[in-house]
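Participant:
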Amino acid sequence: MNVKSLPFRPPPSRDELLSSWIGRLAKANHCSVEELCGYLGLGRGRVPEGINDLGQIDWLRLCSAVQRTRHEIAAMTLPDATHHGVQYVSRHDFQYCPRCVAKSPDLALRHWRLAWSMTCETCGQTLAAKYSANDVSGRLRARAARGAEALKTAAATTDPRRLRRIGMTLQVMSVLKIGHLWSLTSVSERERLLALAAVDIGTTRPLLGATIILRGNDRGARELRRAFPQHRRVIEQARGLSQDLGQRFPGRRKTEHPTRKTHGTSPPSASVSALQAARQAISELGAGANREALLTRADAIWKSSDGVKS
Ligand SMILES: [Zn+2]
């Protein structure tokens, strides 16, 4: 059925989301979004956003009412994207561009809904989270930006191996209760940045990531073994490494930096000497000795070895 075209048709902004444009069309034509959707033959439910939402619609009616081609309308929708448990497209506005929204308050762009988008493609402004975190370190932001790039590449190439690995990273975070399967598009900036940073570590150095997580975390290791029995061997490997990691810095965090500064001791050699100190302590006191006693002895050995160097 052909319908009359809408009297007022503000053009969509570049990369505008279909639901955003429909909202603006309704406002321009002085009707509610629901009334407009009825007129456009879109049903009375949720305003369509995803490409799958447009399955059963009367294209002729919609296209003639808004005077746009089917291709133009489909290009304003979000892709169908849940691959290997990685939800990188959001169905809610978890972030926005302060500059674009200041100009046009009802605007929502497509790429703002993608997990890897960090800046506005229209004006170049950094996108703002719905709930921003002020005390996030520059290091975490940089790591999250690398994770975002890795995620974008994995999604663009639909590389099943990479997507599986990212999915696994999110599952691990969710089992350990440090994130959720949907953290990549969380309204909480901190949660999202952590998840993106985990994607970076999970795709480049997964074993290191697991090792850092499991350091001194017996409960976490147990929960991972229970949730991923098929990966028991890797978990044990990471667990062993994390114990080494614990021995490399036996209570020496405060004095480690001045030593590095004054004598230019590189971190690896400091770690090696710490490891040697730990080994010596174990050989003196025996592997079964009280952990606290071992650490105290290792600390003393390390301090004296630093004294020899300086
Ligand atoms: Zn913008």
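Counting from 4, one number per residue, gives the positions in the sequence shown under this note's numbering.
For glycine and all other residues, C-beta sits at the position ideal for the given N, C-alpha and C.
Please read these numbers as outputs of a predicted model, since none were measured by experiment.
(1) To the nearest angstrom, how far is it from the Cα of residue 72 to the Cα of residue 64?
(2) Checking 8 Å against the spacing of the C-beta atoms, do residue 192 and residue 140 come in under that value?
(3) How would you call residue 214, buried or exposed, if buried means at least 16 neighbouring beta carbons within 10 angstroms?
(4) Flag this pair as yes or no: are the beta carbons of residue 54 and residue 36 separated by less than 8 Å?
(5) Sorry if obvious, but does the Cβ on residue 98 come closer than 7 Å to a heavy atom of ligand 1?
(6) Cβ of residue 156 within 7 Å of any heavy atom in ligand 1?
(7) Using 8 Å as the Cβ pair cut-off and three pairs as the minimum, do the segment 106 to 114 and the segment 163 to 181 touch?
(8) Considering just the uninterrupted stretch of the alpha helix (DSSP H) at residue 38, what are its terminal residues?
(9) For the putative contact between residue 149 and residue 157, defined by C-beta atoms under 8 Å, what is the C-beta separation to the nearest angstrom?
(10) Within the same chain, show all residues whose beta-carbon is closer than 7 Å to that of residue 70, passing over the 5 residues directly before and after it, in chain order.
(11) Ordered along the chain, which non-local residues of its own chain (more than five positions away) have a Cβ less than 6 Å from that of residue 119?
(12) For residue 92, tell me which candidate among 298, 241, 187, 232 has the shortest Cα-Cα distance.
(13) Of the residues 163, 220, 181, which one's Cα is nearest the Cα of residue 206?
(14) Output the distance between the C-alpha atoms of residue 225 and residue 204, rounded to the nearest integer angstrom.
(15) Buried or exposed: where does residue 210 fall if 16 or more other Cβ atoms within 10 Å of its Cβ makes it buried?
Facilitator: Reading off the structure:
(1) Taking the first residue of the sequence shown as position 1, residue 72 is located at position 69. Taking the first residue of the sequence shown as position 1, residue 64 is located at position 61. Taking the straight line joining both Cα atoms gives about 11 Å.
(2) The residue you call residue 192 lines up with position 189 of the sequence shown. The residue you call residue 140 lines up with position 137 of the sequence shown. No, the Cβ-Cβ distance between residue 192 and residue 140 is not below 8 Å.
(3) Within the sequence shown, residue 214 is the residue found at index 211, counting from 1. Classification of residue 214: buried, given that the 10 Å Cβ count is 16 or more.
(4) Counted from its first residue, the sequence shown places residue 54 at position 51. Counted from its first residue, the sequence shown places residue 36 at position 33. No, the Cβ-Cβ distance between residue 54 and residue 36 is not below 8 Å.
(5) The residue given as residue 98 occupies position 95 in the sequence shown. No, ligand 1 has no heavy atom inside 7 Å of this Cβ.
(6) Taking the first residue of the sequence shown as position 1, residue 156 is located at position 153. Checking every heavy atom of ligand 1 against the Cβ of residue 156, none is found closer than 7 Å.
(7) no
(8) Position 35 of the sequence shown, counted from the first residue, corresponds to residue 38. 36 to 43 is the extent of the alpha helix (DSSP H) around residue 38.
(9) Along the sequence shown, one-based indexing puts residue 149 at 146. Along the sequence shown, one-based indexing puts residue 157 at 154. Actually they are not in contact, since the Cβ atoms of residue 149 and residue 157 sit about 13 Å apart, beyond 8 Å.
(10) If you number the sequence shown from 1, residue 70 lands on position 67. These residues qualify, in order along the chain: 8, 12.
(11) As a working mapping, residue 119 is identified with position 116 in the sequence shown. Cβ neighbours of residue 119 beyond the five flanking positions: 151, 154, 155.
(12) Taking the sequence shown and counting its residues from 1, the one referred to as residue 92 is at position 89. Out of 298, 241, 187, 232, 187 has the C-alpha closest to the C-alpha of residue 92.
(13) Looking up residue 206 in the sequence shown gives position 203. Looking at the Cα atoms, 163 is the closest of the given residues.
(14) The residue given as residue 225 occupies position 222 in the sequence shown. The residue given as residue 204 occupies position 201 in the sequence shown. Those two C-alpha atoms are separated by around 21 Å.
(15) Sequence index remark: in the sequence shown, residue 210 carries index 207 (1-based). Residue 210 is exposed by the Cβ-count criterion.
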